[in-house]
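Numbering (this note's numbering), first residue to last: 17 to 279. Even glycine gets a Cβ: it sits at the ideal position worked out from N, Cα and C. Predicted, not measured: the structure shown is a model, and the values here were computed from it.
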Amino acid sequence: MPLVETVREGVIAIAQQAAAEILSVYAGAFVVTHKDDRSPLTAADLAAHRCIVAGLHALTPGIPVLSEESAATDIATRRQWSRLWLVDPLDGTREFIKRNGEFTINLALIEDGQAVFGLIQQPVTGLLWYGAPGQGAFRREGGRDWPLRVRIPARAPLRIAASRSHRDARTQALLDALPDSEVVGCGSSLKFCRIAEGAIDLYPRFGPTSEWDTAAGQAILEAAGGQVLTLDGRPLRYNQRDTLLNGAFIALGDPDVRARIPQ
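The following block contains the structure:
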């Protein structure tokens with residue numbers, strides 16, 4: 017079901033409010049704690065979480081919200097949700113701690129396992145990307161929406177996103193196998209946005225990610241003509257399994273690039 021404009025603008029307003037909450041913490045000194053999985057947590061993560069969850073419950077009261085900072089929800093409960101909001105209130109907490117600006121807010125609407133709308137907000141720059149497959153993808157900048165399209169064909173040099181915080185051996189092996197490529201450092205879900213706007217061609221990810229890390233970016237990238245695929249060529253799906261962890265995947269603009277990736 018297409019997201020009506022009033023709801024879309026309401027979601028954008030919620031993301032912008034959460035960005036203001038994050039920046040208020042970012043501007044001063046903050047304490048870093050760690051969750052059970054040793055991932056970092058700050059007051060900004062929690063402030064954005066509270067802002068987004070409250071805002072979405074008020075805007076779309078019939079749709080459950082699953083945030084990275086929510087209490088765990090068992091699969092029996094989640095299976096009852098044909099629609100849900102999937103939220104990462106601060107994607108790239110490590111980038112936030114480094115103060116390099118490359119962190120985002122991710123909001124995605126999931127319907128029957130598919131990401132049907134995605135929004136990514138970068139608090140430091142104020143840039144915002146959103147999209148829905150079949151309806152187009154856009155970057156909002158200075159109050160104006162700019163349509164996005166992936167780069168097809170992906171001519172040499174192939175531009176590959178590689179995380180500054182996560183560079184595993186398998187990713188390095190892929191980079192080594194494509195010697196004519198150009199490596200582009202980029203944090204958080206901004207990689208999906210860069211592919212959607214044609215600045216990057218490929219983002220391989222073999223290390224662990226969670227569903228809220230990828231859902232918004234997948235919706236935006238697919239809306240711009242790209243793909244997010246498992247290694248056997250299937251689109252990532254959401255809220256379908258006991259775990260909320262993704263397997264390995266590749267995000268790409270030009271579908272023909274997949275044939276150039278070593279298996």
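By Cβ distance below 8 Å, which residues in the same chain neighbour residue 98 in space, the five residues on each side in sequence not counted? 127 and 128
Using 10 angstroms around the beta-carbon of residue 238, count the other beta-carbons present and answer buried if the total reaches 16, otherwise exposed. buried
Below 8 Å, can you find three or more Cβ-Cβ pairs linking the segment 23-40 to the segment 78-98? no
Between which two residues does the alpha helix (DSSP H) carrying residue 23 extend? 21-42
Just the C-alpha distance for residue 112 and residue 49, rounded to the nearest angstrom, thanks. 13 Å
Take the Cβ of residue 224 as the centre, count every other Cβ of all protein chains shown within 10 Å, and call the residue buried at 16 or more, exposed below. exposed
Element boundaries [alpha helix (DSSP H), containing residue 208]: 206-212
What residues in its chain sit with their C-beta under 8 Å from that of residue 154, if we drop five residues either side in the sequence? 145, 146, 147, 161, 162, 163 and 164
Beta-carbon proximity check, residue 254 vs residue 232, cutoff 8 Å: no
Cβ neighbours of residue 273 in the same chain (closer than 8 Å, five flanking residues each side left out): 170, 174, 217 and 218
Helix, strand or coil: which one does DSSP assign to residue 155? strand
Helix or strand or just coil, what does DSSP make of residue 105? strand
In the DSSP assignment, find the unbroken alpha helix (DSSP H) run with residue 95 in it and report its ends. Here residue 95 belongs to no alpha helix (DSSP H), and DSSP marks it neither H nor E.
Kindly identify the DSSP beta-bridge partner or partners of residue 199. 176
Other residues of its chain near residue 47: CB distance less than 8 Å, five sequence neighbours each side excluded: 58 and 59
Just to confirm before moving on: does the CB-CB distance between residue 106 and residue 119 stay below 8 Å? yes
I need the straight-line Cα distance from residue 256 to residue 193, nearest angstrom please. 33 Å
Between the beta-carbon of residue 176 and the beta-carbon of residue 205, is there less than 8 Å? no
What is the C-beta distance between residue 235 and residue 133, in whole angstroms, given that I count them as a contact (C-beta under 8 Å)? 6 Å
What is the residue span of the alpha helix (DSSP H) that residue 233 lies within? 227-239
Just curious, the beta strand (DSSP E) that residue 69 is in, first and last residue? Taken as a continuous stretch (DSSP letters only), residue 69 belongs to no beta strand (DSSP E), being part of the alpha helix (DSSP H) at 59-75.
Should residue 104 and residue 122 be called a contact, given that it needs their Cβ atoms to be closer than 8 Å? yes
Leaving out five residues on either side along the sequence, give the residues of the same chain with a beta carbon under 7 Å from the beta carbon of residue 271. 243
Quick one: measure Cβ to Cβ for residue 269 and residue 203, integer angstroms, because I've assumed they're closer than 8 Å. Not really, about 19 Å apart at Cβ, beyond 8 Å.
Rounded straight-line distance, which links the Cα of residue 214 to that of residue 185: 26 Å
Exposure of residue 142, with buried meaning 16 or more beta-carbon neighbours within 10 Å: exposed
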